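Taking it in order: structure first as structure tokens, then the write-up.
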Amino acid sequence: MDHRIRSLSEFSQTYEKSVENPEAFWEDIANSFRWRKKWDKVLKWDFKGPDVKWFINGKLNITENILDRHLETRGDQTAILWEPNDPDEQYQKISYKELYEKVCQFSNAMKANGIGRGDRVIIYMPMVPEAAVAMLACARIGAVHSVVFAGFSANALADRINDCEAKMVLTSDGNFRGAKTIEVKSVVDEALEKSSTVEKVIVFQRTKTPVTMKDGRDIWWHEAIDGVSLENEAEEMDSEDLLFILYTSGSTGKPKGVVHTCGGYMVYTYYSFLNVFQYDEGDIYWCTADVGWITGHSYIVYGPLLAGATTMMFEGVPTYPDAGRFWHACDKHKVNQFYTAPTAIRALEAHGLEPLEPYKLDSLKVIGSVGEPINEEAWHWYHLNVGKGNCPLVDTWWQTETGGIMISALAGITPVKPAHASLPLPGIQPIIVDREGKELTGRNIQGNLCVKFPWPSILRTTYGDHERCRQTYFSAYENLYFTGDGAKRDHDGYLRILGRVDDVINVSGHRMGTAEVENAIDEHPKVIESAVVGYPHDIKGQGIYAFVIAEGEGIEEEVRKTITELIGPIAKPDKIQLVKGLPKTRSGKIMRRILRKIASGEVADLGDTSTLLNPEIVEDIKSGKV
Ligand code: WT7
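Set out below in structure tokens:
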């Protein structure tokens, strides 16, 4: 059955139905999948625990719905279209049949190397089709994948390996990114010095970068699959068995492992993909994210493949070999739906219109944005110059924790408004609350964004620490999931996301915990204390500003190096200011509000500083005195 909504009136009716009877609504969608056994009950939930279960006692394997189910109807259709970093290297088209074989074969190879149901597998790979094969092979044998973005440092990788006690790491020799070749395997080697659970490492050869292979531990991917069968009987999973863990930053120092499970995630990523992007049979869909982030999981791999789409995967960067690369690739592969991040748009906008000139972009039907609020300026530039004024631009709001797009227009079906994520998808019930948790109804209101009813792909827990999940998302307001974002409902009833209200900053669409960056800075032997805040940045959305108390001078570069080592280059501050002290309350808490204002250059109005323990420090910081 086709679950794509095709008109505004159908949307309104569907939304109403989905709220009146969510269980019947989701059950109808779930019924379109292949289950080994259907569920006994659609939903059981309680936000206090939290304890949320969907499709209870349903048995399935998500890869049977991605692969086996599609073999008869679309075996020869391209599943993954891969565009390499170098535009002159041959691109690849992998059909559903070929993907099926690759996944089965790699599933068998993983099993032969000791991986089975429930084992955790870290995927630390570049954007090659094998990264998707690796994810799906884990899902097929019931192993739990945790993809770590290949830009994270050895330390950050080791933290994640240790937190989930991974038994295997899937990686590559190196990674081509723009003009650079980045070492990958050596980072894994370093990480593994700090962890003891990993038994096997499978290495995909991509760059031919020389690597050391540890006897008994490391195996080449091509050798692991050599002569291995192309058939594999998928493991029967429960709806609520873990599908994957994805680490994300929060307001405390340690990233948390967001857990998604098989049944609900499958139903929601499929449904949201189909409806937001209005995917038509035969379309070429391209999401430019990396599989290391949730966007890559839900809208490069799972959602599109569940819908039987052709999904394009891009290895490179937007500015290589030049700032026209995205547009070149759109024309080359006749891309119909294009989904990217505001930071990429703003970075390309800075190169002017010339890089766009050689390209027609006439295959595009839908363009999308994700990761951070898209400012009106960037919205219009994207809409006019990429969408040529006639492609609906969907501004999709969601989170690692939500698993799928929650608030967005449905392309061409519901109206769009610049810088507004607009309306919730069917089945999604967002509300805006005031500080006390009272729902603010009506229009022209602003507050904190919560969701009052579960949806199938809501996070189930944070790995190994359920209490942390409760604390972070379910304790701020009774019986509500709290997103951490502020939002506004405007006079037309559209939602606009205003950004984080907690100590999380959003740098180029990537989440950074200020505490996490501070912890890294504080590791530097000369640092006494630090405070990190976000400030408006033209291209990145938010930049990282670090105020640092240190012994001695000129240690800014060393601090940057420490952060790169402990987290990765994405966490490097844009600005480091050495200071003599930090503004603190009498109870010793850093007054970030003041630092945020100084970082943003809004020094004229710092608000009340009289409650500070050390008000004189504010003048020093303002004047840059150390
Ligand atoms: C945070 C989630 C969801 C995939 C990428 C980021 C911000 C995300 C939007 C948007 C305004 C957005 C929010 C959210 N965010 N999309 N369309 N408009 N803000 O996933 O790393 O889990 O970050 O990104 O602040 O809470 P994430």
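Residues 1054 to 1679 (the numbering used here) make up the sequence shown, in order.
Where is the CB? At the ideal position from N, CA and C, for every residue including glycine.
Keep in mind that this is a model prediction, so the values were computed, not measured.
- Name the one or two DSSP bridge partners that Ile1272 has. Ile1255
- Tell me Gly1566's beta-bridge partners as DSSP assigns them. Val1557
- Query: Are there three or more Cβ pairs, one per stretch, closer than 8 angstroms when the segment 1191–1202 is compared with the segment 1331–1347?
  - Reply: Contact holds: three or more Cβ-Cβ distances are below 8 angstroms.
- Secondary structure of Lys1112, DSSP reduced to three states: Three-state result, Lys1112: strand.
- Message: By the three-class DSSP mapping on this structure, what secondary structure does His1350 have?
- Response: helix
- Opposite Glu1492 in the DSSP bridges: which residues? Val1486
- Message: For the pair the segment 1595–1608 and the segment 1630–1644, tell me if three or more CB-CB distances fall below 8 angstroms.
- Response: Three or more Cβ pairs drawn from the segment 1595–1608 and the segment 1630–1644 lie within less than 8 angstroms of each other, which places the two stretches in contact.
- Hey, how far is the Cα of Gly1303 from the Cα of Lys1637? Near 22 angstroms, if we compare the C-alpha coordinates of Lys1637 and Gly1303.
- Task: Taking 9 angstroms as the cut-off, decide whether the C-beta atoms of Val1388 and Trp1339 are in contact.
- Result: yes
- Cα-Cα separation, Lys1261 to Ile1272: 15 angstroms
- Identify the residues that DSSP records as bridge partners of Pro1477: which are they? Ile1460
- Can you tell me whether Lys1675 is buried or exposed, with buried defined as 16 or more other CB within 10 angstroms of its CB? exposed
- Task: Look at the alpha carbon of Phe1229 and the alpha carbon of Trp1450, and state the distance between them as a whole number of angstroms.
- Result: 30 angstroms
- Message: For ligand 1, is there any heavy atom lying closer than 8 angstroms to the beta carbon of Gln1499?
- Response: no
- Kindly confirm or deny that the segment 1474–1492 and the segment 1070–1078 touch, where touching means at least three C-beta pairs closer than 8 angstroms. Between the segment 1474–1492 and the segment 1070–1078, the count of Cβ pairs shorter than 8 angstroms is three or higher; the stretches touch.
- Message: Please tell me whether, using a cut-off of 8 angstroms, the distance from the CB of Gly1537 to the nearest non-hydrogen atom of ligand 1 is below it.
- Response: Closer than 8 angstroms to some heavy atom of ligand 1: that describes the Cβ of Gly1537.
- Task: Whole angstroms is fine: what's the gap from Ala1529's alpha carbon to Ala1462's?
- Result: Those two C-alpha atoms are separated by around 28 angstroms.
- Assign Asp1226 to buried or exposed, taking buried as 16 or more other Cβ atoms, counted over all protein chains shown, within 10 Å of its Cβ. buried
- Item | Terminal residues of the alpha helix (DSSP H) in which Gly1587 lies | Run containing Gly1587: none in the alpha helix (DSSP H); it sits in the beta strand (DSSP E), 1580–1590.
- Would you check if the distance between the CB atom of Leu1596 and the CB atom of Asp1556 is smaller than 9 angstroms? First, the residue type needs correcting, since residue 1596 is Gly and not Leu in the sequence shown. Contact: no.
- Message: Among Lys1106, Phe1100, Lys1090, Ala1132, whose alpha-carbon lies nearest the alpha-carbon of Leu1113?
- Response: Selected option, being the one with the closest Cα: Lys1090.
- Task: Quick one: grab the DSSP three-state call for Lys1309.
- Result: strand
- With DSSP run on the structure shown, which of helix, strand or coil describes Asp1055? coil
- Query: For Leu1061, which three-state DSSP category applies?
  - Reply: Leu1061: helix per DSSP, three-state reduction.
- Where Phe1202 falls: helix, strand or coil (DSSP): coil
- Query: What residues in its chain sit with their C-beta under 6 angstroms from that of Phe1527, if we drop five residues either side in the sequence?
  - Reply: Phe1100, Pro1103
- Task: Give the C-beta separation of Pro1008 and Gly1204 to the nearest angstrom, bearing in mind that I take them to be a contact with Cβ-Cβ under 8 angstroms.
- Result: What the structure shows of the chain is the stretch from 1054 to 1679, and residue 1008 is not part of that stretch, so it cannot be assessed.
- Item | Cys1444, enclosing beta strand (DSSP E) - first and last residue | That residue, Cys1444, is in no beta strand (DSSP E); it is neither H nor E in DSSP.
- Ile1175 and Val1222 closer than 9 angstroms at C-beta: Yes, Cβ-Cβ distance for Ile1175 and Val1222 is below 9 angstroms.
- Message: When you measure from the CB of Thr1567 to every non-hydrogen atom of ligand 1, does any distance come out below 8 angstroms?
- Response: no
- Query: Is Arg1553 near ligand 1, with its Cβ less than 8 angstroms from a heavy atom?
  - Reply: Within the cutoff, so yes.
- Note the first and the last residue of the continuous alpha helix (DSSP H) segment covering Arg1193. 1182–1194
- Item | Between the CA atoms of Leu1476 and Met1054 - distance to the nearest angstrom | Reliability fails at Met1054, whose pLDDT of 49 lies under 50, so the model's placement of it is uncertain and the value that follows must be treated cautiously. Going by the C-alpha atoms only, they are around 25 angstroms apart.
- Message: Rounded to the nearest angstrom, what separates Val1504 and Gly1316 at their Cα positions?
- Response: In a straight line, the C-alpha of Val1504 is about 20 angstroms away from that of Gly1316.
- Query: So, helix, strand or coil for Asp1719, using DSSP?
  - Reply: No answer is possible for residue 1719: it lies beyond the span of the chain, which begins at 1054 and ends at 1679.
- Task: Keeping to the same chain, check which residues put their C-beta closer than 8 angstroms to that of Arg1057; ignore five residues upstream and five downstream.
- Result: Leu1327, Asn1328, Gln1331, Tyr1332
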